[in-house]
Amino acid sequence: MSPSLWYPRDKYPGLGAADADARAARGRARGGAAGGADAEQEQEQEQEDAGGDTEEEEEEQAAEQELRVERAKLREVLALRAEEKRDIQAAIESLQRKRVRRSAALAEQRKQQQQEETENVEAEAARQRVLAELRDEKEALQRDIIAAEELEEKLEENVRDLPALKDELQRAKAERAQVQTQLDSLRLELARRKRKMRHMVDVQLLTARDTNPPTLREEAVLLHLLYGHEGEMGVNELKQEASEVLQEHAKPNGNGVVIRALYSLVANGLVQIDRSYGNGLVTSLLV
Numbered sequence: 008m009s010p011s012l013w014y015p016r017d018k019y020p021g022l023g024a025a026d027a028d029a030r031a032a033r034g035r036a037r038g039g040a041a042g043g044a045d046a047e048q049e050q051e052q053e054q055e056d057a058g059g060d061t062e063e064e065e066e067e068q069a070a071e072q073e074l075r076v077e078r079a080k081l082r083e084v085l086a087l088r089a090e091e092k093r094d095i096q097a098a099i100e101s102l103q104r105k106r107v108r109r110s111a112a113l114a115e116q117r118k119q120q121q122q123e124e125t126e127n128v129e130a131e132a133a134r135q136r137v138l139a140e141l142r143d144e145k146e147a148l149q150r151d152i153i154a155a156e157e158l159e160e161k162l163e164e165n166v167r168d169l170p171a172l173k174d175e176l177q178r179a180k181a182e183r184a185q186v187q188t189q190l191d192s193l194r195l196e197l198a199r200r201k202r203k204m205r206h207m208v209d210v211q212l213l214t215a216r217d218t219n220p221p222t223l224r225e226e227a228v229l230l231h232l233l234y235g236h237e238g239e240m241g242v243n244e245l246k247q248e249a250s251e252v253l254q255e256h257a258k259p260n261g262n263g264v265v266i267r268a269l270y271s272l273v274a275n276g277l278v279q280i281d282r283s284y285g286n287g288l289v290t291s292l293l294v
């Protein structure tokens, strides 16, 4: 067996078992020889044992040296394995980073594609809206053109009819002037008759006491009271004041007399009664 593979059993159990057994065998041989040898042989044996111990020490030192070498080699191997492990770990991390970057790039690419698709859809929708607006504007312009053409035709017709229209307008103005003249005349006549009616009422009241028998009429009393109140009085107020005037002239002054006179004026179109105002509002049509 090579000395590089021998290890002392007491220092390194389980290593160099064959060399340890050889040492034990040599010891037993020495013990057996000592029992049957003489003193000289014992001395020689002791010298040999001393030389054997030196050889064993050298062998042990050589074994320790070999052990150190083996340990250095193991450390070197372990260092190489650790370096390889670091390289492998760095390669794995690099691959993982590349995978992450590739995944991020793919995700960004998908996002960009989706964004482009969305933009394309929005652009198409915008184009469709613009086309629809353009179509609507086109239709509106066509309608405006048709309306303008119809208006132009009507204007041309009106221009052709303009002399006749002017003549008709002159006739209408003349008729209106004539009607206005008649209306003014009627208004003047109406005002004259109203003044005359009021004068007759006043005369009736002023001369009623001087006639025999008294000729005071209830209708004149009602009209006189309405003149004094700017043409409007409540029904109850008018009946009360009319009864007082009739009583002063020694005429029947009951409510029935006053009501009959009031409805006589309504029937002749001289006054009107508005029932939506309290007990009724009497309005004179002569004021």
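In the working numbering, the protein residues as written are 8 to 294.
Every residue gets a Cβ at the ideal spot worked out from N, C-alpha and C, and that includes glycine.
Please read these numbers as outputs of a predicted model, since none were measured by experiment.
- In this structure S250 does not touch V273 by the C-beta definition: roughly 19 Å separates them, more than the 8 Å allowed.
- Around the beta carbon of L269, 16 or more other beta carbons sit within 10 angstroms, so the residue counts as buried.
- When rounded, the separation of the alpha-carbon atoms in E160 and I153 is 11 Å.
- DSSP, reduced to helix, strand and coil, places L87 within a helical segment of the structure shown.
- Excluding sequence positions up to five before and after K201, its CB lies within less than 7 Å of the CB of L293, all in the same chain and listed in chain order.
- Secondary structure note for S283: it is in no beta strand (DSSP E), with a DSSP letter that is neither H nor E.
- Secondary structure of E124 (DSSP, three-state): helix.
- When DSSP reads this structure, Q279 sits in a beta bridge with T290.
- In this structure A70 is buried. Its beta-carbon is surrounded by 16 or more other beta-carbon atoms within 10 angstroms.
- Under the three-state reduction of DSSP output, G238 falls in the coil class, being neither helix nor strand.
- Under a 10 Å Cβ-count criterion, K246 is classified as buried, with 16 or more other Cβ atoms of the shown protein chains found around its own Cβ.
- Between H256 and L223, the gap from beta carbon to beta carbon is short of 9 Å.
- Taking a 10 Å sphere around the C-beta of V242, we find 16 or more other C-beta atoms and assign the residue as buried.
- Looking at the backbone, the Cα of E129 and that of K145 are separated by about 24 Å.
- Per DSSP, reduced to three states, the secondary structure at L233 is helical.
- Under the DSSP assignment, L223 falls outside any alpha helix (DSSP H); it carries neither an H nor an E label.
- L141 and A112 have their alpha carbons spaced roughly 42 Å apart.
- Contact annotation: L229 and V186 have beta-carbon atoms that are not nearer than 9 Å.
- 9 Å or more divides the Cβ of E226 from the Cβ of S192.
- When the five nearest sequence neighbours on each side are left out, the beta carbons in the same chain lying within less than 8 Å of the beta carbon of R267 are those of E225, in order along the chain.
- Per DSSP, G261 lies in no alpha helix (DSSP H) segment and is marked neither H nor E.
- In this structure, the beta-carbon distance from N262 to L253 does not fall below 9 Å.
- In this structure, the alpha-carbon of L176 lies about 14 Å from that of N165.
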